[in-house]
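Q: Input: one structure, supplied below.
Protein chains in written order, with the working numbering: chain A, 1225 to 1475; chain B, 1225 to 1475.
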C-alpha cells in the first residue's frame, strides 16, 4: 500500500521537517506515530522539506506499508490521535505503488505573510513577519515580475544548497493586500534552499531603499548570492500546497 | 505621570499574566522592560489577570512614574523594542493620576475560539480549541441566554477563586459562526477565576450530550462548582477588550 498524506503543521517548535536525532522535527513526530501503528518506521518521502520555524498548510508525504486493512479515514483518525496538535493530517489517499510525493510533484506553492503595521498584535506575529513602512503591492509586483520564468536562481540560494543545477521555473510570483496583511505568493517547479526567504528579504530591502525594480533582474543575472539581500525570518513562511496536475498550476 | 498601555500577547509560552519568580509571565516581561527604561519597576495594575496559555488582544494596564519627558509614541517604540515579540504594546495614553486600569473598568470582553472541523489545520489550533461534532450556534445560544444578567456564578468559578462575592453581571453571551470558526463572545462586569473556560466547557458538554438548555439555569441556580462541567483548555481564550465607558458596552 502506498499511502499519501496531506498535512499541516505549526513549525514554531520544530527544527524543520527532516528527522534529526534528538531534536523535535515534523518527520520525527510522524515516524514515532507510524512506529506505534505499524511497529516499524517506513521511509517517508515529502514534497518539499521545510526549515526550522517554517509552517505548512499543505505538505504532502507518502510511504509504503504492507498494512492494507486500514481504511483512509482510519489512517487520519489513528495518526491524528497520536500526533501532537502542532501536526495535523488533513487528507489521506491510497496511490499507485510507483507514485511519489516528491517526484510526481509538478509545482509547489509558498506564501510569505507580512503584517504591514508598526505595532501589530502579538498573535498575528506567530505566523507572520511585519513591516513598519507602507507596502505598495503594485510597486512590489514590479520587482517580482523579473523572477517569473525559468532562470538560474544561484543568487537566491543558500550557500549550502546541494542541487546540481540552480535552474528553476517560477510560474507565479506576486504580492496581494488584504487589510494590513500583505501576502507574497510564489509558485515554482521546486525551490532551492532558503530561496523563498531570500527572494522575500531581497524584495523588501530593494523596495524600502527605493531601488529601481530592474535591480531585481541584475541580482538574478549576476548569479551570485552576495548580490541578493538577507534571508527573512522563517516564521512568516507557509508551505501552502503541492500541484500534481500541471493543468491546475495558475499561470 | 499615570501611563495607560493597551497590549496584546500570545500567551502560549507564558505562565499567565501575573509575575512569578523564575517563570516567564507577561507582567514579568513588562517589568523587565520598564526596569531598563526607568531604572526601577513601578507597580503594574491590570484590567484582568489571564491564566497560563490564555492570550490577549486588548489587555489594559497602568503604572505611575515620575518620568514625564517621554511622549506617548515613544513609550510604544521603547517598550516594543525591548519586549519579546509575543508581547506587543498597541496603544499608550496618559491618564489622570487617580485613573486605574482595574477599578475604572466597567466591563471585560473575552472570546473563545472553536474550530468546528474534525481534522483542523495545525496553525489554527494555536489560538483555538476544536470540535469534531457539528455546532449549531442558534441552539448553543439557547443555553447561553440563561447566564445573561446578574447572578451568583459560584457554579462557574474555580475552587481557588478568592472573591468575597461570586455575584457578577453578564451583559452579553452568545456564539457566532464564520465558516468553520465558531466564536463564543462574553462581556461581563468582571469574571471569576476560570469562569469563561468553565462556561464554555459546560456549554459544549451540555450541547453534545443533547441536554435541554434549561439545564444551564439549573447549574447556575445550584451555586455549586460540582454541577458544572470541565474547564476547557486555555489556548482558545482571548481577552479582547476592556470597556471604560458604560455607554460602549453592547447590551
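The C-beta atom is built at its ideal place from N, Cα and C for all residues, glycine as well.
Because the structure is a prediction, the values reported are computed rather than measured.
1) Can you give me the C-alpha to C-alpha distance between residue 1475 of chain A and residue 1419 of chain A, rounded to a whole angstrom?
2) For residue 1332 of chain A, which residues of its own chain have a beta-carbon under 6 Å away from its beta-carbon, when the five flanking residues on both sides are left out?
3) Which runs of the alpha helix (DSSP H), 4 residues or longer, sit entirely within the segment 1293-1338 of chain B?
4) Could you have a look at residue 1471 of chain B and say whether DSSP puts it in helix, strand or coil?
5) Where do the ends of the alpha helix (DSSP H) carrying residue 1252 of chain B lie?
6) Could you check whether the Cβ of residue 1279 of chain B sits closer than 8 Å to any Cβ belonging to chain A?
7) State the CB to CB distance for the pair residue 1443 of chain B and residue 1424 of chain B, rounded to an integer number of angstroms; the pair is presumed to be in contact (CB under 8 Å).
8) Measure from the C-beta of residue 1349 of chain B to each C-beta in chain A and report whether the shortest distance is under 8 Å.
9) Using alpha carbons as the reference points, say which of B/1302, B/1365, B/1386, B/1406 lies closest to residue 1258 of chain B.
10) Would you say residue 1446 of chain B and residue 1387 of chain B are within 8 Å of each other, going by their C-beta atoms?
11) Using a Cβ-Cβ cut-off of 8 Å (strictly less than) and excluding sequence neighbours within five positions of residue 1372 of chain B, which residues of its own chain qualify?
12) Ignoring anything shorter than 3 residues, give me the beta strand (DSSP E) runs that lie fully in the segment 1373-1414 of chain A, in order along the chain.
13) Touching or not, the segment 1453-1464 of chain A and the segment 1263-1277 of chain A, by the rule of three or more beta carbon pairs under 8 Å?
14) Measure the CB-CB distance between residue 1327 of chain B and residue 1225 of chain B and report whether it falls below 8 Å.
15) Should residue 1247 of chain B be labelled buried (16 or more other beta-carbon atoms within 10 Å of its own) or exposed?
16) Would you grab the beta carbon distance between residue 1309 of chain A and residue 1349 of chain B for me? Rounded to a whole angstrom, and I think it's under 8 Å.
17) In angstroms with no decimal places, state the Cα-to-Cα distance between residue 1440 of chain A and residue 1409 of chain A.
18) What does residue 1463 of chain A pair with, by DSSP beta-bridge criteria?
19) Assuming residue 1462 of chain A contacts residue 1337 of chain A under a Cβ cut-off of 8 Å, what Cβ separation, rounded to an integer in Å, is found between them?
20) Does residue 1311 of chain A get closer than 8 Å to chain B when you measure Cβ to Cβ?
21) Which residues does DSSP pair with residue 1290 of chain B in a beta bridge?
22) In whole angstroms, what separates the C-alpha of residue 1404 of chain B from that of residue 1428 of chain B?
23) Just the C-alpha distance for residue 1390 of chain A and residue 1411 of chain A, rounded to the nearest angstrom, thanks.
24) Give the straight-line distance between the Cα atoms of residue 1229 of chain A and residue 1298 of chain A, rounded to the nearest whole angstrom.
25) With a CB to CB cut of under 7 Å and the five nearest residues on each side skipped, what residues in its chain are close to residue 1364 of chain B?
26) Rounded to the nearest angstrom, what separates residue 1414 of chain A and residue 1392 of chain A at their Cα positions?
27) Give me the subset of the segment 1455-1467 of chain A whose CB atoms are less than 7 Å from a CB atom of chain B, sorted by chain position.
28) Quick test of your reading: residue 1342 of chain A and residue 1232 of chain A, contact by CB under 8 Å. State the CB separation rounded to the nearest angstrom.
29) For a contact defined as C-beta to C-beta under 7 Å, what are the partners of residue 1343 of chain A on chain B?
30) Got a sec: is the Cβ-Cβ distance from residue 1404 of chain B to anything in chain A below 8 Å?
31) Using the C-alpha atoms, what's the distance from residue 1266 of chain A back to residue 1278 of chain B?
32) Just curious, the beta strand (DSSP E) that residue 1230 of chain B is in, first and last residue?
33) Considering Cα atoms alone, identify which of B/1383, B/1370, B/1329 is closest to residue 1470 of chain B.
34) Kindly give me the distance between the Cβ atoms of residue 1366 of chain B and residue 1320 of chain B, rounded to whole angstroms, as I take these residues to be in contact under 8 Å.
35) Does DSSP put residue 1443 of chain A in a helix, a strand or coil?
36) Find out if the Cβ-Cβ distance for the pair residue 1401 of chain A, residue 1361 of chain A is shorter than 8 Å.
A: Looking at the coordinates:
1) 20 Å
2) 1272, 1466
3) 1296-1306
4) helix
5) 1250-1262
6) yes
7) About 13 Å; that fails the 8 Å criterion.
8) yes
9) B/1302
10) no
11) 1394, 1395, 1396, 1397
12) 1373-1376, 1391-1402, 1405-1412
13) yes
14) no
15) exposed
16) 5 Å
17) 17 Å
18) A/1280, A/1334
19) 7 Å
20) yes
21) Its beta-bridge partners do not exist; DSSP assigns none.
22) 16 Å
23) 16 Å
24) 12 Å
25) 1399, 1427, 1431
26) 6 Å
27) none
28) The Cβ separation is near 30 Å, so there is no contact.
29) 1300, 1304, 1312, 1313, 1314
30) no
31) 38 Å
32) 1226-1233
33) B/1329
34) Actually they are not in contact, since the Cβ atoms of residue 1366 of chain B and residue 1320 of chain B sit about 44 Å apart, beyond 8 Å.
35) helix
36) yes
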